[in-house]
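Novice: Could you have a look at this structure, given as structure tokens, before my questions?
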């Protein structure tokens, strides 16, 4: 089966598809070294273009394939998903499903009615000053959110129509991965989310999440509700904050998400194979996720961000050390931009975190400082 995979970065999903026995082509922004080794790749960065899902959908139109699947970035652009899938079989959630599950005015009331904890969320409409909160701590979030980009503390100014106000929830940021057939779901794993130096930006995951059986039961109930209420298919993720042992749902990611490659490492399953089967109405055995839900080994990944402008000099050797999302030799990375992804596994959370931090330091040390950074390269 020839599969086209598209998203901001397609490497992890492509690795999963190759492990599932698929012939893959990818369309993404970065065009990293290891992505290109998995099959034909086209990238917006190499064409001098900024990232947008519509631009990526147009770039992917000329790639011959039997089926298409998407990853991060497309869930906020249902029309781009429709364009990507035109004349092809879509493996994933379609346009109207994305519209509903990504709409906070639909998602949160529906979940609250079913007894789930959700943050207070305000969609501010023009001229309606009474909607602005008078007390408490709030965040401004883009409606088209992803990876924590654009989230900031609310300072009292009216947000634009492209943003919402959401109550800040104290606790442990976390996520869960599940696969669904449009009616039912199987929970595949859950993880602690790590923050990057920028407070709300995605920094990685640790699998499994250290939480109670009661919390796990509530998350399982949640994914069943999401599958049934929204008709979700294939691989999906949900972000939540564990507050006093209770999950408070903050976002649904109706596509392959960042923690899933750790679920694969913990379980040994090729999740893309589960994705294909579920999109065609077949779910795996519910026990498949046990190692990523209650396992004794902690698997971790961390995004390495440049602490200053850096030039990549030795990235060809990084892949042999298990590094992923590897930039090309000579690429210049601006301060605050992602360089690559590193991994670790250990018997405890603290040991895994220490391994990740050591790997991050090795990557930064292997790059050369530069004063000639080009904005947008990574």
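Residue numbers (this note's numbering): 92 to 469.
Where is the CB? At the ideal position from N, CA and C, for every residue including glycine.
How many angstroms separate the CA atom of residue 234 from the CA atom of residue 212?
Specialist: To locate residue 234, count along the chain shown from 1; it is residue 143. To locate residue 212, count along the chain shown from 1; it is residue 121. Roughly 11 Å separates the two Cα atoms.
Novice: Near residue 196, what residues of its chain come up, given a Cβ to Cβ distance below 7 Å and the 5 sequence neighbours on each side ignored?
Specialist: Translated into positions along the chain shown, residue 196 becomes position 105. Result list for residue 196: 214, in chain order.
Novice: Report the three-state DSSP secondary structure of residue 102 (helix, strand or coil).
Specialist: Working through the chain shown from its first residue, we reach residue 102 at position 11. Helix, per DSSP.
Novice: In terms of residues, what are the limits of the alpha helix (DSSP H) holding residue 363?
Specialist: If you number the chain shown from 1, residue 363 lands on position 272. From DSSP, the alpha helix (DSSP H) with residue 363 extends over 362–370.
Novice: Just the C-alpha distance for residue 139 and residue 119, rounded to the nearest angstrom, thanks.
Specialist: Numbered from 1 along the chain shown, position 48 holds the residue referred to as residue 139. Numbered from 1 along the chain shown, position 28 holds the residue referred to as residue 119. For residue 139 and residue 119, the distance between alpha carbons rounds to 13 Å.
Novice: Go to residue 381, then tell me how far its alpha helix (DSSP H) extends in each direction, as first and last residue.
Specialist: Translated into positions along the chain shown, residue 381 becomes position 290. Element bounds for residue 381: 381–385.
Novice: CA-CA distance, residue 371 and residue 429?
Specialist: Here residue 371 corresponds to residue number 280 of the chain shown, with the count starting at 1. Here residue 429 corresponds to residue number 338 of the chain shown, with the count starting at 1. Going by the C-alpha atoms only, they are around 35 Å apart.
Novice: Which value, in whole angstroms, describes the spacing of the CA atoms of residue 401 and residue 418?
Specialist: Here the question's residue 401 lines up with position 310 in the chain shown. Here the question's residue 418 lines up with position 327 in the chain shown. In a straight line, the C-alpha of residue 401 is about 12 Å away from that of residue 418.
Novice: How is residue 237 classed by DSSP in three states: helix, strand or coil?
Specialist: The residue labelled residue 237 in the question sits at position 146 within the chain shown. Looking at residue 237 - three-state DSSP - the assignment turns out to be coil, as it is neither helix nor strand.
Novice: Residue ranges of each beta strand (DSSP E) run of no fewer than 3 residues wholly in the segment 373–418, ordered along the chain?
Specialist: Listed in chain order, the complete beta strand (DSSP E) runs (minimum 3 residues) inside the segment 373–418 are 389–396.
Novice: Among 162, 142, 113 and 157, which residue has its Cα nearest to the Cα of residue 103?
Specialist: Along the chain shown, one-based indexing puts residue 103 at 12. Closest by alpha carbon: 162.
Novice: Report the three-state DSSP secondary structure of residue 443 (helix, strand or coil).
Specialist: Your numbering for residue 443 matches position 352 in the chain shown. In the structure shown, residue 443 sits in a helix (DSSP, three-state: H, G or I).
Novice: What first and last residue would you give for the alpha helix (DSSP H) that runs through residue 426?
Specialist: Position 335 of the chain shown, counted from the first residue, corresponds to residue 426. Premise fails: residue 426 is in no alpha helix (DSSP H) and is neither H nor E.
Novice: Taking the straight line between their C-alpha atoms, what separation do you get for residue 99 and residue 143?
Specialist: Within the chain shown, residue 99 is the residue found at index 8, counting from 1. Within the chain shown, residue 143 is the residue found at index 52, counting from 1. Computed Cα separation, rounded: 8 Å.
Novice: Is residue 200 helix, strand or coil by DSSP?
Specialist: Stepping through the chain shown from its first residue, residue 200 is reached at position 109. Helix, per DSSP.
Novice: Across the segment 243–259 and the segment 222–230, are there enough close Cβ pairs to call them in contact, namely three or more that are closer than 8 Å?
Specialist: Flag = yes, the segment 243–259 and the segment 222–230 touch.
Novice: Following the continuous beta strand (DSSP E) through residue 314, name the residue where it begins and the one where it ends.
Specialist: Here residue 314 corresponds to residue number 223 of the chain shown, with the count starting at 1. Premise fails: residue 314 lies in the alpha helix (DSSP H), 304–321, not in any beta strand (DSSP E).
Novice: Looking at C-alpha atoms only, which residue of 383, 452 and 362 is the closest neighbour of residue 394?
Specialist: For the purposes of this step, residue 394 is taken as the residue at position 303 of the chain shown. The shortest C-alpha separation from residue 394 is found at 452.
Novice: Do three or more CB pairs link the segment 248–259 to the segment 287–304 at distances below 8 Å?
Specialist: With a cut-off of 8 Å, the segment 287–304 and the segment 248–259 do not count as touching, because too few Cβ pairs lie within range.
Novice: May I have the straight-line CA-CA distance separating residue 168 from residue 191, to the nearest angstrom?
Specialist: Position 77 of the chain shown, counting from 1, holds the residue named residue 168. Position 100 of the chain shown, counting from 1, holds the residue named residue 191. Answer to the nearest angstrom: the Cα atoms are 12 Å apart.
Novice: Thinking C-alpha only, which one of 200, 263 and 92 is nearest residue 182?
Specialist: Numbered from its first residue, the chain shown carries residue 182 at position 91. Comparing Cα-Cα distances from residue 182 to each of 200, 263 and 92, the minimum goes to 92.
Novice: With H, G and I counted as helix, E and B as strand and the rest as coil, what does DSSP make of residue 275?
Specialist: Working through the chain shown from its first residue, we reach residue 275 at position 184. Of the three classes helix, strand and coil, the one that applies to residue 275 here is coil, per DSSP.
Novice: How far does the alpha helix (DSSP H) with residue 148 in it extend, from its first residue to its last?
Specialist: Residue mapping note: residue 148 aligns to position 57 of the chain shown, counting from 1. Run containing residue 148: 144–150, per the alpha helix (DSSP H) assignment.
Novice: What does the alpha-carbon distance come out to for the pair residue 469 and residue 320?
Specialist: For this step, residue 469 is matched to residue 378 along the chain shown. For this step, residue 320 is matched to residue 229 along the chain shown. Note that residue 469 scores 37 on pLDDT, short of 50, meaning its location in the model is unreliable; the coordinates nonetheless yield the value given after this. Going by the C-alpha atoms only, they are around 39 Å apart.
Novice: Residues in its own chain within less than 7 Å of residue 440 by CB, not counting five upstream and five downstream?
Specialist: As a working note, residue 440 is residue 349 in the chain shown. The answer, listed in chain order, is 297, 301 and 389.
Novice: Spatial neighbours of residue 108 within its chain, please: C-beta separation below 6 Å, excluding the five flanking residues on both sides.
Specialist: The residue you call residue 108 lines up with position 17 of the chain shown. Closer than 6 Å at the Cβ level, and outside the excluded window around residue 108, lie 94, 115 and 363.
Novice: Quick one: Cα of residue 134 to Cα of residue 123, how far?
Specialist: What you label residue 134 is simply residue 43 of the chain shown in a count that begins at 1. What you label residue 123 is simply residue 32 of the chain shown in a count that begins at 1. So the two alpha carbons sit approximately 9 Å from each other.
Novice: Could you check if residue 426 is buried or exposed, using at least 16 other CB atoms within 10 Å of its CB as the buried criterion?
Specialist: On the chain shown, position 335 is the one that residue 426 refers to. So residue 426 ends up on the exposed side.
Novice: Do residue 332 and residue 343 have their C-beta atoms within less than 7 Å of each other?
Specialist: Taking the first residue of the chain shown as position 1, residue 332 is located at position 241. Taking the first residue of the chain shown as position 1, residue 343 is located at position 252. In this structure, residue 343 does not lie closer than 7 Å to residue 332 by Cβ.
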